[in-house]
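Protein chains: 2
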Amino acid sequence: MAVVKARSEEPMDVREITACCDPVLAAPLDEAAAGELAAAFRVLADPVRLRLLSLVANAPGGELCACDAVEPLGRSQPTVSHHLSVLVEAGLLTREKRGRWAWFRVVPERLAVLRDALSG
Amino acid sequence: MAVVKARSEEPMDVREITACCDPVLAAPLDEAAAGELAAAFRVLADPVRLRLLSLVANAPGGELCACDAVEPLGRSQPTVSHHLSVLVEAGLLTREKRGRWAWFRVVPERLAVLRDALSG
DNA sequence: TACGCTCATCGACACCTGTCGATAGATGGC
DNA sequence: GCCATCTATCGACAGGTGTCGATGAGCGTA
Numbered sequence: 003m004a005v006v007k008a009r010s011e012e013p014m015d016v017r018e019i020t021a022c023c024d025p026v027l028a029a030p031l032d033e034a035a036a037g038e039l040a041a042a043f044r045v046l047a048d049p050v051r052l053r054l055l056s057l058v059a060n061a062p063g064g065e066l067c068a069c070d071a072v073e074p075l076g077r078s079q080p081t082v083s084h085h086l087s088v089l090v091e092a093g094l095l096t097r098e099k100r101g102r103w104a105w106f107r108v109v110p111e112r113l114a115v116l117r118d119a120l121s122g
Numbered sequence: 003m004a005v006v007k008a009r010s011e012e013p014m015d016v017r018e019i020t021a022c023c024d025p026v027l028a029a030p031l032d033e034a035a036a037g038e039l040a041a042a043f044r045v046l047a048d049p050v051r052l053r054l055l056s057l058v059a060n061a062p063g064g065e066l067c068a069c070d071a072v073e074p075l076g077r078s079q080p081t082v083s084h085h086l087s088v089l090v091e092a093g094l095l096t097r098e099k100r101g102r103w104a105w106f107r108v109v110p111e112r113l114a115v116l117r118d119a120l121s122g
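Structure follows, in structure tokens:
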């Protein structure tokens, strides 16, 4: 049962999640750590992605179909699909394809890591 | 004792700080709130600015002279000055000019607001 | 006043990214 | 098999931004 699709769309693995992101205020950040943290925050630095996170988190059952994300955001389907992929690659959402539809759930642990990075 | 310089370099006032940034996961974000939050995270989405925050936070006395920020970052003086201004305008740093030098301090309450926005 | 030092601003450039329409791929129903 | 639906990808374009050198504005000192 070889997994055919081994793309980078998969959520980040736990080691990467916990490894990332030292606290900003606690100790001096070296260039590498700063780059990783900045990349993580860059994912959150977009209103469409923030609203997507919010939509998924508040969806019934905690999961949202991509088909229900286009209309409330007022953006084109390719644009919404692009942002969903960015969130998945960042480990903030998981994607599960069921039939013709793609369902997304939030990964609260990933958000918690970024939150902790803002703690002194 | 009129305050001569009433520029936008001043830290954000407390009302703006507390008003901003509803939790992402708690309730659906409208377009305006998402835009504000995204703008706040965009400030953090740069490695130079993150290292500046870290440098200031870990400086002796909690304050850092701009003259001591250029060399460790490996960027030009105008670039560092630009990033410091961005941080001040975002309310994450305060600037105090003493003589020829500019001294910066972190505003932990502002960071706390962003941290809370990431709490479910 | 003249000079040197510190910092901010300006103008320009390269790069990144958010956006869209068009299109391809995949799935289920007829 | 054929078609409709949902999603992902592609190519292109506009706008934003990080970066630098050059320059200007303040301040302290001789």
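Top line first, the protein sequences correspond to chains A and B.
Numbering-wise (the working numbering), the first sequence opens with residue 3 and increments by one.
Numbering-wise (the working numbering), the second sequence opens with residue 3 and increments by one.
All C-beta atoms, glycine included, are put in the ideal place defined by N, C-alpha and C.
Note that the structure is predicted; figures quoted are calculated from it, not measured.
Excluding sequence positions up to five before and after R53 (chain B), its CB lies within less than 7 Å of the CB of L75, all in the same chain and listed in chain order. Inter-segment contact for the stretch 61-79 of chain B and the stretch 23-38 of chain B is absent: fewer than three beta-carbon pairs are separated by less than 8 Å. In this structure, DSSP gives V108 (chain B) an extended state, which the three-state scheme calls strand. Annotated three-state conformation of L54 (chain B) is helix, per DSSP. Contacts with chain A (Cβ-Cβ distance below 7 Å) from the stretch 63-76 of chain B involve no residue at all. E33 (chain B) has a beta carbon lying within less than 8 Å of a beta carbon in chain A. Taking the Cα of N60 (chain B) as reference, the smallest distance to any Cα among A:A104, A:P25, A:L55, A:E98 is reached at A:P25. Contact between the stretch 42-51 of chain A and the stretch 80-98 of chain A is present: three or more C-beta pairs spanning the two stretches fall below 8 Å.
The beta carbon of S121 (chain B) sits closer than 6 Å to those of P25, all from its chain and outside the five residues before and after it, given in chain order.
Its chain contains W105, R107 as the residues whose beta carbon lies nearer than 6 Å to that of E65 (chain B), once the 5 sequence neighbours on both sides are disregarded; these appear in chain order. Think of a sphere of 9 Å around the beta carbon of L55 (chain B): the chain A residues whose beta carbon falls inside it are V26, L27, L31, in chain order.
The shortest CA-to-CA distance from D70 (chain A) to any of A:A92, A:W103, A:V45, A:L95 is the one to A:W103. Residue-level contact by beta carbon fails for V90 (chain A) and chain B, as no gap is shorter than 8 Å. A direct Cα-Cα distance of roughly 25 Å separates E111 (chain B) from L94 (chain A). Using a Cβ-Cβ cut-off of 8 Å, G37 (chain A) counts as an interface residue toward chain B, since at least one Cβ of chain B sits closer than that to its own. Closer than 8 Å to the CB of F43 (chain B) there is at least one CB belonging to chain A. Of all alpha-carbon atoms in B:R100, B:A42, B:L55, the one lying nearest the alpha-carbon of V82 (chain B) is that of B:L55. Here the alpha carbons of A36 (chain B) and A42 (chain B) stand approximately 10 Å from one another.
The beta-carbon of V108 (chain B) is placed less than 8 Å from the nearest beta-carbon of chain A. According to DSSP, T96 (chain A) shares a beta bridge with A:R107.
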